[in-house]
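K.L.:
In my numbering, the protein residues as written are 370 to 491.
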Amino acid sequence: MKFTEHRDSNILTVKNYQVGGVKVNNDWINHSCYLNQKNLVENWACDTLEALSEARLDELFLLQPEIIILGTGENQQFPAPKYFAYCAQRGIGLEVMDNSAACRTYNVLTTEQREVVLALII
370 MKFTEHRDSN
380 ILTVKNYQVG
390 GVKVNNDWIN
400 HSCYLNQKNL
410 VENWACDTLE
420 ALSEARLDEL
430 FLLQPEIIIL
440 GTGENQQFPA
450 PKYFAYCAQR
460 GIGLEVMDNS
470 AACRTYNVLT
480 TEQREVVLAL
490 II
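1) Report the residue from Glu484, Tyr455 and Ile398 whose alpha carbon sits nearest the alpha carbon of serine 422.
2) Whether or not the region 404-414 and the region 449-464 are in contact is what I'm after, with contact meaning three or more pairs of Cβ atoms, one per stretch, closer than 8 Å; do they touch?
3) Mind reading off the beta-carbon distance from isoleucine 490 to threonine 417? Whole number of angstroms is fine, and I expect it under 8 Å.
4) Taking the alpha-carbon positions, what's the lysine 371 to isoleucine 437 distance?
5) Give the C-beta separation of valine 486 and leucine 432 to the nearest angstrom, bearing in mind that I take them to be a contact with Cβ-Cβ under 8 Å.
6) Taking all protein chains shown into account, decide if tryptophan 397 is buried (16 or more other Cβ within 10 angstroms of its Cβ) or exposed.
7) From the DSSP secondary-structure annotation, give me the bridge partner or partners of glutamine 445.
8) Taking 8 Å as the cut-off, decide whether the C-beta atoms of alanine 471 and leucine 429 are in contact.
9) Should glycine 442 be labelled buried (16 or more other beta-carbon atoms within 10 Å of its own) or exposed?
10) Going by CA-CA distance only, name the one from Asp427, Ala457, Tyr475 and Glu419 that's closest to glutamine 446.
11) In this structure, what does DSSP give as the bridge partners for leucine 421?
Written as structure tokens, this is what we have:
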């Protein structure tokens, strides 16, 4: 699958996604993770949608996003409405998609210099 390419090698981008793993810059990650343009957390304690909680979202908020893109695996699954409200109360958008679409969307938004966090459930 083709991804948008950044010219700045200091920016964390998704180079490849396949079932069970994601390549961020030159590193393959095969478990749930989250990232923005400058930070990567490789071991996010959210390996299923049911494990999503306000505490897991609070971790993402530390990166000060304007939007969170949540990849829910191979299929798009929606979390409980309370999580959308929890983000909205802080002025942060929450978009949910399958992991492949989430990776592509993250790359596009980073080229626009948007403050975005990509959180992937793998």
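All C-beta atoms in this analysis are idealised placements derived from N, C-alpha and C, irrespective of residue type, glycine included.
P.N.:
This is what the structure holds:
1) Of the candidates Glu484, Tyr455 and Ile398, the residue whose Cα lies closest to the Cα of serine 422 is Tyr455.
2) no
3) 7 Å
4) Any reading at lysine 371 needs caution, since the residue's pLDDT is 47, under 50, leaving its predicted position unreliable; the model's value is listed next. Rounded to whole angstroms, lysine 371 to isoleucine 437 spans 22 Å at the Cα level.
5) The distance from the Cβ of valine 486 to that of leucine 432 is about 5 Å, consistent with a contact at the 8 Å cut-off.
6) With fewer than 16 other Cβ atoms inside 10 Å of its own Cβ, tryptophan 397 counts as exposed.
7) Answer by DSSP bridge pairing: none, since glutamine 445 is not bridged.
8) If you check the CB distance, alanine 471 and leucine 429 do not come in under 8 Å.
9) Buried: at least 16 other Cβ atoms inside 10 Å.
10) Glu419
11) Residue pairing of leucine 421 in beta bridges, as defined by DSSP: absent, with no partner found.
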